[in-house]
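Chemist:
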Ligand code: ATP
Ligand code: MN
Ligand code: MN
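Numbering (UniProt numbering), first residue to last: 499 to 800.
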């Protein structure tokens with residue numbers, strides 16, 4: 499009764515208009531995921547990804563030869579990138595412009611995969627207003643050996659701390675070791691303000707429970723603790739995009755997770771590509787963009 503499938507093209511199948519080369523190259527061994535398989539995942543995930551991913555400067559983690567080969571972050575699109583991966587010049591602090599990649603559609607995402615991209619990392623601002631972040635991220639980084647239960651509790655505590663400041667947030671399993679907590683922002687405050695705010699929140703948490711948290715990056719200070727990485731909230735810094743595959747064993751996916759469901763999750767790399775597509779955004783509804791008002795910032799001083 500099965501419908502006859504169309505003949506499989508022998509070379510260069512086209513996905514979202516992108517001609518894919520070396521589709522049978524193995525990117526992940528277990529579960530086995532080829533370059534074509536990865537492109538198909540991203541094509542299917544594109545509608546889930548684009549609301550957060552589109553029109554943000556990107557940093558792409560490329561592994562052209564898969565997990566067995568070399569890997570490198572690429573911020574500036576190189577020669578031979580497909581046109582679907584769009585380019586915008588962005589000025590750095592010294593005022594010199596450099597080209598950054600961004601996407602607006604599935605073709606851009608698949609185009610990045612054609613160039614060997616496995617992970618998509620996003621800025622906290624969109625390209626039409628690069629100096630007004632619309633997304634605040636707390637990246638919880640547990641020390642090695644600290645169980646996921648501690649990370650989960652930390653995420654809930656940080657959520658409560660933010661709620662206490664009048665800010666609603668949503669959570670995402672990084673697909674690696676930790677959890678990201680995201681606060682959607684109205685595009686009003688500057689990077690300086692947003693960075694100061696996130697640093698303040700991290701330092702308050704670390705100050706009140708130094709045995710559990712640290713706001714300092716140093717691995718020594720992290721011993722047995724969770725580093726509340728607030729440094730994602732700078733102009734030019736990035737965080738992993740929702741539904742990005744991670745270049746880590748098992749090809750886990752960064753997945754939005756509701757606070758309720760988080761209680762039942764055992765690790766940050768809980769979801770495979772198939773599970774990610776089945777889940778989608780599940781019960782997660784990111785709250786509307788919020789203001790970092792003067793009272794919110796002053797509350798940090800109390
Ligand atoms: P985990 O949960 O395992 O910590 P993660 O994605 O949060 O996974 P981090 O090492 O905490 O990994 O890094 C947070 C983010 O900072 C990354 O997602 C990435 O966007 C950015 N980042 C980290 N290291 C680099 C780097 N060497 N070059 C560019 N960006 C980086
Ligand atoms: Mn992290
Ligand atoms: Mn980090």
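Ideal Cβ positions, reconstructed from N, Cα and C, are used throughout, including at glycine. Quantities reported herein were computed from a predicted structural model and do not represent experimental measurements.
Quick one: is residue 640 buried, meaning 16 or more other Cβ sit within 10 Å of its Cβ, or exposed?
Modeler: By the neighbour-count rule (16 or more Cβ atoms within 10 Å), residue 640 is buried.
Chemist: In or out: residue 786 buried (at least 16 other Cβ within 10 Å) or exposed?
Modeler: Label assigned to residue 786: exposed.
Chemist: Please classify residue 444 as buried or exposed, where buried requires at least 16 neighbouring CB atoms within 10 angstroms.
Modeler: In the structure as shown, the chain begins at 499 and stops at 800. Residue 444 is therefore absent and cannot be evaluated.
Chemist: If you count every other CB in all the chains shown that lies within 10 Å of the CB of residue 652, and 16 or more means buried, which is it?
Modeler: Buried is the call here.
Chemist: What first and last residue would you give for the beta strand (DSSP E) that runs through residue 621?
Modeler: Residue 621 -> no beta strand (DSSP E), and no H or E assigned at all.
Chemist: Given that a residue counts as buried once 16 or more other Cβ atoms are within 10 Å of its Cβ, and exposed if not, what is residue 670?
Modeler: Buried.
Chemist: Give me the Cα-Cα distance between residue 590 and residue 625, rounded to the nearest whole angstrom.
Modeler: Computed Cα separation, rounded: 14 Å.
Chemist: Run through the DSSP bridge pairs and tell me what residue 597 is partnered with.
Modeler: In DSSP, residue 597 forms a bridge with 587.
Chemist: Near ligand 3, which residues have their beta-carbon less than 5 Å from any of its heavy atoms, given in chain order?
Modeler: Every residue passing the under-5 Å Cβ criterion appears here: 637, 639 and 727.
Chemist: Should residue 638 and residue 649 be called a contact, given that it needs their Cβ atoms to be closer than 8 Å?
Modeler: In contact: residue 638 and residue 649 (Cβ atoms closer than 8 Å).
Chemist: When burial is assigned at 16 or more other CB atoms within 10 Å of the CB, is residue 712 buried or exposed?
Modeler: Residue 712 should be labelled buried.
Chemist: Three or more C-beta pairs under 8 Å: does that hold for the region 659-670 against the region 712-730?
Modeler: No contact exists between the region 659-670 and the region 712-730.
Chemist: Let me know if residue 547 comes out buried or exposed under the rule of 16 or more other beta-carbons within 10 Å of its beta-carbon.
Modeler: Residue 547 comes out buried.
Chemist: Determine the closest residue to residue 566 out of 737, 630, 531 and 683, with distance taken between C-alpha atoms.
Modeler: Checking every option, the nearest Cα to that of residue 566 belongs to 531.
Chemist: From 739, 744 and 663, pick the residue whose C-alpha is nearest to that of residue 788; which is it?
Modeler: Minimum Cα distance to residue 788 is reached at 663.
Chemist: Do the region 689-707 and the region 580-590 touch if we need at least three Cβ pairs shorter than 8 Å?
Modeler: Judged by Cβ distances under 8 Å, the region 689-707 makes no contact with the region 580-590, as fewer than three pairs qualify.
Chemist: Hey, would you say the C-beta of residue 520 is under 7 Å away from at least one heavy atom of ligand 2?
Modeler: Not so, every heavy atom of ligand 2 lies at least 7 Å from the Cβ.
Chemist: Between residue 672 and ligand 2, is the CB less than 7 Å from at least one heavy atom?
Modeler: At least one heavy atom of ligand 2 is nearer than 7 Å to the Cβ of residue 672, so yes.
Chemist: Residue 733 and residue 767: beta carbons closer than 8 Å?
Modeler: Not closer than 8 Å, so no.
Chemist: From the DSSP output, in three-state form, read off residue 547 for me.
Modeler: Note: residue 547 maps to helix in three-state DSSP.
Chemist: Less than 8 Å separating the beta-carbons of residue 551 and residue 618?
Modeler: In contact: residue 551 and residue 618 (Cβ atoms closer than 8 Å).
Chemist: Confirm, please, whether the CB-CB distance from residue 757 to residue 628 is below 8 Å.
Modeler: Taking 8 Å as the Cβ cut-off, residue 628 and residue 757 do not qualify as a contacting pair.
Chemist: Would you give the residue range spanned by the beta strand (DSSP E) that residue 760 belongs to?
Modeler: Residue 760 -> not in any beta strand (DSSP E); alpha helix (DSSP H) instead, spanning 757-760.
Chemist: Would you identify the three-state DSSP class for residue 728, choosing helix, strand or coil?
Modeler: Note: residue 728 maps to coil in three-state DSSP.
Chemist: Can you find a C-beta in chain B that's less than 8 Å from the C-beta of residue 685?
Modeler: Among the chains in the structure shown there is no chain B, since it carries only a single protein chain.
Chemist: In the structure shown, what three-state DSSP assignment does residue 795 receive?
Modeler: In the structure shown, residue 795 sits in a helix (DSSP, three-state: H, G or I).
Chemist: Closest to residue 740 by C-alpha separation, out of 730, 753, 749 and 729, would be which residue?
Modeler: Looking at the Cα atoms, 753 is the closest of the given residues.
Chemist: What does the Cβ neighbour count give for residue 642, buried or exposed, with the cut at 16 atoms within 10 Å?
Modeler: When all chains shown are included, residue 642 counts as exposed.
Chemist: Any heavy atom of ligand 2 within a distance shorter than 7 Å of the CB on residue 676?
Modeler: Residue 676: yes, Cβ under 7 Å from ligand 2.
Chemist: Give a yes or no on whether the C-beta atoms belonging to residue 695 and residue 795 are separated by under 8 Å.
Modeler: Yes, they are a contact pair.
Chemist: Following the continuous beta strand (DSSP E) through residue 713, name the residue where it begins and the one where it ends.
Modeler: It is not in any beta strand (DSSP E) - residue 713 carries neither H nor E in the DSSP assignment.
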